[in-house]
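Read the structure below first, then the notes.
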Amino acid sequence: MPDLSLEFAAGGRVAGIDEAGRGPWAGPVVAAALVFRPDIPTTLVKGIDDSKKLRPGVRAHLFEQLQEHADFGIGIASVAEIDDLNILQATMVAMQRALVAIGTTPDFVLVDGNRLPDLPCPARAIVRGDGLSLTIAAASIAAKVTRDKLMVALAAQHPGYGWERNMGYGTAEHREALDTLGPSAVHRFSFAPVARAASSRK
């Protein structure tokens, strides 16, 4: 389970950053930056974990609580930016935007992964950080819940791909719909399965 060991070692006001949506074939990539307030209750601390290990309902409930006990910002990089920059660079942009959205610059930032975006303060990349750092794990919840809501909304605008279930990931359902319907305006054409589906319809 993640804890605050890395945060205490860094000292000061520490933010965690994580993203959701690097792998899907459709939709934006979303990052969250989060700093705990001093009053975070023990019950909330005990419930936080890597968002991938939590059921959707649990994630949503934790995100509601986090909004009361943490300062956070959300950063989004669009499908157009993903196709223009590549998914890695678009993710870095989303992380930068998330930190700016907090409104104040922290003393230190812990970032999930092995690369750092260009940030205005000292930072450290932590591989599998969402399983080690409590602030990164909390940021992973914020990013995942936010992106899932966006994908459900996009599913209503672009029906047939099952995004309300697969969130844009390359499931069998999504692959079949892509072959049948072709790519939508919010598919990532720089991703090989989408590019293949587009070329096959020419």
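Going left to right, the sequence shown walks through residues 29 to 230 as my numbering numbers them.
Positions of the beta carbon are idealized from the N, C-alpha and C atoms, including for glycine.
Here the structure is a predicted model, which means the values were calculated and not measured.
| said: Using a 10 Å radius around the Cβ and a threshold of 16 neighbouring Cβ atoms, would you call M195 buried or exposed? | reply: Along the sequence shown, one-based indexing puts residue 195 at 167. Looking at its Cβ environment, which holds 16 or more other Cβ atoms inside 10 Å, M195 is buried.
| message | By the three-class DSSP mapping on this structure, what secondary structure does V128 have? | response | Here the question's residue 128 lines up with position 100 in the sequence shown. V128 falls in the helix class under three-state DSSP.
| task | Decide if the region 115 to 127 is in contact with the region 82 to 93; the criterion is three or more beta carbon pairs, one per stretch, under 8 Å apart. | result | no
| If we call anything under 8 Å between Cβ atoms a contact, is L138 one with A38? | In the sequence shown, counting from the first residue as 1, residue 138 sits at position 110. In the sequence shown, counting from the first residue as 1, residue 38 sits at position 10. The answer is yes: Cβ separation under 8 Å.
| field | Neighbourhood of I164 by C-beta distance below 6 Å, restricted to the same chain and skipping five residues each side | value | Counting from 1 along the sequence shown, the entry for residue 164 is found at position 136. Excluding sequence neighbours, I164 sits near G44, D46, L138, D140, G157, D158.
| said: So, does the region 70 to 84 touch the region 197 to 212, judging by three or more C-beta pairs under 8 Å? | reply: no
| Does the separation of the CB atoms of S161 and I169 fall below 8 Å? | Walking along the sequence shown from the start, residue 161 turns up at place 133. Walking along the sequence shown from the start, residue 169 turns up at place 141. It is not a contact, given that the beta carbons lie outside the stated cut-off.
| request: Put G196 into one of helix, strand or coil per three-state DSSP. | output: Here residue 196 refers to the residue found at position 168 when the sequence shown is read from its first residue. Coil at G196, not helix or strand.
| Beta-carbon gap between A166 and I76 smaller than 8 Å | Here residue 166 corresponds to residue number 138 of the sequence shown, with the count starting at 1. Here residue 76 corresponds to residue number 48 of the sequence shown, with the count starting at 1. Taking 8 Å as the Cβ cut-off, A166 and I76 qualify as a contacting pair.
| message | Taking its Cβ as the centre, do 16 or more other Cβ atoms sit within 10 Å of G49, making it buried, or is it exposed? | response | The residue given as residue 49 occupies position 21 in the sequence shown. The residue is buried, with at least 16 neighbouring Cβ atoms inside 10 Å.
| task | Please report how far the alpha carbon of N114 lies from the alpha carbon of V57, in whole angstroms. | result | The residue labelled residue 114 in the question sits at position 86 within the sequence shown. The residue labelled residue 57 in the question sits at position 29 within the sequence shown. Whole-angstrom Cα-Cα distance: 11 Å.
| From this set, R65, G40, A54, D176, which residue's C-alpha is nearest A220's C-alpha? | The sequence position of residue 220 within the sequence shown is 192, counting from 1. Per the Cα distances, A54.
| field | Best match in F136, V73, V63 for proximity to Y101 [C-alpha to C-alpha] | value | Locating residue 101 in the sequence shown gives position 73, where the first residue counts as 1. In the sequence on display, residue 101 carries Gly and not Tyr. Residue V63 is the option with its Cα nearest to G101.
| said: Nearest by alpha-carbon distance to T174: which of N142, P84, S218 is it? | reply: For the purposes of this step, residue 174 is taken as residue 146 along the sequence shown, with counting starting at 1. Nearest C-alpha to T174: P84.
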